[in-house]
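Comments concern the structure below.
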Ligand SMILES: [Mg+2]
């Protein structure tokens, strides 16, 4: 699909730009704001995107990033204090200028079993280049950048059923296997949690690039369907690794992180 023209983009965003104080601007970070890099800890949000988010925060009812990262790590790489962060796919919520993320109560008791299983697995697999990321209630095992990515992926495919046998849940993302509490966690919960108690927000946009972002698309659709929102705008960031549904289900499709920055700029400049 071709990138939208400036006029087409402005038209698609009108539900938000017409009433910014009633609008929430929500987005994923990695692959949406920050280019995907070999090592997740080296990812950076370009300064222009951070500046634009800060400008949006002064104008819109709510601006928030929803990430698989821990909420504090999300804020670290975005670098904007005045917006909200939902971390670990919604398991954690950090309000604007907040100091401590709130962890969903149902998840707290699983933090230790998840950490133990993942660190034992990592001890066995780090020799083939698998990396461990601690995301609070979730642990992520990355194989991006392993000397032989296929070997690392196959090893993690063998690990996944062992996690399930241990009573934990697994989730696959872009070159990452996550070990999670066996409790539903999704970016849909993050969207719902962020809008809870913010009843003046009647319109929302969400932008994302990966499978977990489809849950946020679902949440917007559901809130529009039951009348909680008047409008929900789904922005799909197209990439070679992302799922086809991100493009198929989006109202607006953009190419990569630079395409998404154009969306943010259009929201800021309108
Ligand atoms: Mg992403």
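In this note's numbering, the protein residues as written are 28 to 297. Ideal Cβ placement from N, Cα and C applies to all residues, glycine included. Here the structure is a predicted model, which means the values were calculated and not measured.
I want to check one thing, is the minimum distance from the CB of residue i to the heavy atoms of ligand 1 below 7 Å?
| i | result |
| --- | --- |
| residue 114 | no |
| residue 59 | yes |
| residue 235 | yes |
| residue 272 | no |
| residue 100 | no |
| residue 248 | no |
| residue 45 | no |
| residue 55 | yes |
Spatial neighbours of residue i within its chain, please: CB distance less than 6 Å, with the 5 preceding and 5 following residues excluded, ordered by chain position.
| i | result |
| --- | --- |
| residue 152 | 182 |
| residue 287 | 59, 234, 264, 281 |
| residue 176 | 170 |
| residue 72 | 60, 61, 104, 105 |
For residue i, does the three-state DSSP call read helix, strand or coil?
| i | result |
| --- | --- |
| residue 149 | helix |
| residue 127 | coil |
| residue 141 | helix |
| residue 207 | strand |
| residue 158 | strand |
| residue 230 | strand |
| residue 241 | helix |
| residue 256 | coil |
| residue 165 | strand |
| residue 40 | coil |
| residue 288 | helix |
| residue 104 | helix |
| residue 50 | strand |
| residue 235 | strand |
| residue 223 | coil |
So, at 7 Å on beta carbons, what are the nonlocal neighbours of residue i in its own chain, with the 5 sequence-adjacent residues on each side left out?
| i | result |
| --- | --- |
| residue 173 | 155, 156, 157, 179 |
| residue 294 | 40, 43, 44, 52, 83 |
| residue 319 | The requested residue 319 is not part of the displayed model; the chain covers only 28 to 297. |
| residue 124 | 108, 109 |
Find out if the Cβ-Cβ distance for the pair residue i, residue j is shorter than 8 Å.
| i | j | result |
| --- | --- | --- |
| residue 117 | residue 216 | yes |
| residue 205 | residue 167 | yes |
| residue 55 | residue 240 | yes |
| residue 290 | residue 262 | yes |
| residue 202 | residue 97 | no |
| residue 47 | residue 103 | no |
| residue 284 | residue 61 | yes |
| residue 224 | residue 120 | no |
| residue 207 | residue 141 | yes |
| residue 105 | residue 146 | no |
Comparing the C-beta of residue i with each C-beta of chain D, is any distance below 8 Å?
| i | result |
| --- | --- |
| residue 96 | Absence of chain D from the displayed structure is noted, only one protein chain being present. |
Within the same chain, show all residues whose beta-carbon is closer than 8 Å to that of residue i, passing over the 5 residues directly before and after it, in chain order.
| i | result |
| --- | --- |
| residue 270 | 237, 238, 241 |
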